[in-house]
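Participant: Take a look at the following structure, please.
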Amino acid sequence: MRTTKDILLIVFMFLAVSSLHGQQEEELQNIKEEAQRAKLEALREIKENKRILDAQAIELREAAERIAMEMSPSGKITEDVSDSAKAFLSKTNPERLKDLLKAEKDDKKRFERLSRSAYRKMMALKRKAGSDYKYYQALKEAYALEYEVKKLSHACRRARGAEKTKLRSELSATVARLFDIREEKRKREVTQLEKKLLKLRNSLALRKTNKDLIVNNRIKQLLGEAGDLDWD
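So that you can map any letter, position 172 of the sequence shown is 158 in my numbering, and since no number is skipped, the others follow by simple counting.
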């Protein structure tokens, strides 16, 4: 028959085991949470690295295109550049395209100057859009609308009566569409800033959590030893 002392000992051992089990569960949960945070941070880093690689790929492509835009030994721009300029103007500025085509026949130097100008504008829009083709199309549409707004506003000033009313209505619709694109552009910029801010905040929190490791790693770097976490 167990004595009161035996029973108390059993109860104490049970509580100790339960407490140890609870501590192990808590430690396991902490490990899981830390692993999840590390996983999310790794995914964010992978995504950011992909964005950087995409941007570098665009830069390399643009560099190749800029080289193609350089004058050939004969002193003329390449056919690829002039064809790209024509295609761009056909979607954005038909009047300028007419000038370009006329210059191609009558004035080669003017033709080359107009081709380079259109090509540079096209590349500027591509750089702004990055790898987002849909956004590039929107920027190209906005560029075309800017031209259309100028044309309609000039025509509306000269028109009278019903023609003026019609042109004013077209101008209003065009400006409204241009406004929508410009606001979408601003919204995109805000979203990008918010993502960048979130990344900085997450990085700040992660570095604060790993302060001792980062400091020790910096000391190892200063002493020429290997480390895992960057000082910067």
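Beta carbons: idealized from backbone N, C-alpha and C, even for Gly.
Which word fits I63, buried or exposed, when buried means at least 16 other C-beta atoms lie within 10 angstroms of its C-beta?
Facilitator: buried
Participant: Buried or exposed: where does F165 fall if 16 or more other Cβ atoms within 10 Å of its Cβ makes it buried?
Facilitator: Residue burial annotation: F165 is exposed, with fewer than 16 other C-beta atoms found within 10 angstroms of its C-beta.
Participant: Less than 8 angstroms separating the beta-carbons of L125 and K114?
Facilitator: yes
Participant: Using three-state DSSP, classify G210 as helix, strand or coil.
Facilitator: coil
Participant: To which residues of the same chain is T160 closer than 7 angstroms at the C-beta, ignoring the five residues directly before and after it?
Facilitator: For T160, where only same-chain residues beyond five positions count, the Cβ hits under 7 angstroms are L131, E134, V135, L138.
Participant: With DSSP run on the structure shown, which of helix, strand or coil describes N196?
Facilitator: coil
Participant: Provide the residue span of the alpha helix (DSSP H) that contains R146, from first to last.
Facilitator: Unbroken run through R146: none, as it is neither H nor E.
Participant: Among residues of its own chain, excluding the 5 on either side of L75, which ones have a beta-carbon nearer than 7 angstroms to its beta-carbon?
Facilitator: R82, L83, L86, A104
Participant: Using a 10 Å radius around the Cβ and a threshold of 16 neighbouring Cβ atoms, would you call I32 buried or exposed?
Facilitator: exposed
Participant: For H140, tell me which candidate among E127, L29, E156 has the shortest Cα-Cα distance.
Facilitator: E156
Participant: Classify I63 as helix, strand or coil using the three-state DSSP reduction.
Facilitator: coil
Participant: Taking its Cβ as the centre, do 16 or more other Cβ atoms sit within 10 Å of I205, making it buried, or is it exposed?
Facilitator: exposed
Participant: Quick one: Cα of A71 to Cα of S117, how far?
Facilitator: 20 angstroms
Participant: Can you say whether A128 is buried or exposed, counting buried as having 16 or more other CB atoms within 10 angstroms of its CB?
Facilitator: buried
Participant: Among N79, T195, R30, whose alpha-carbon lies nearest the alpha-carbon of K185?
Facilitator: R30
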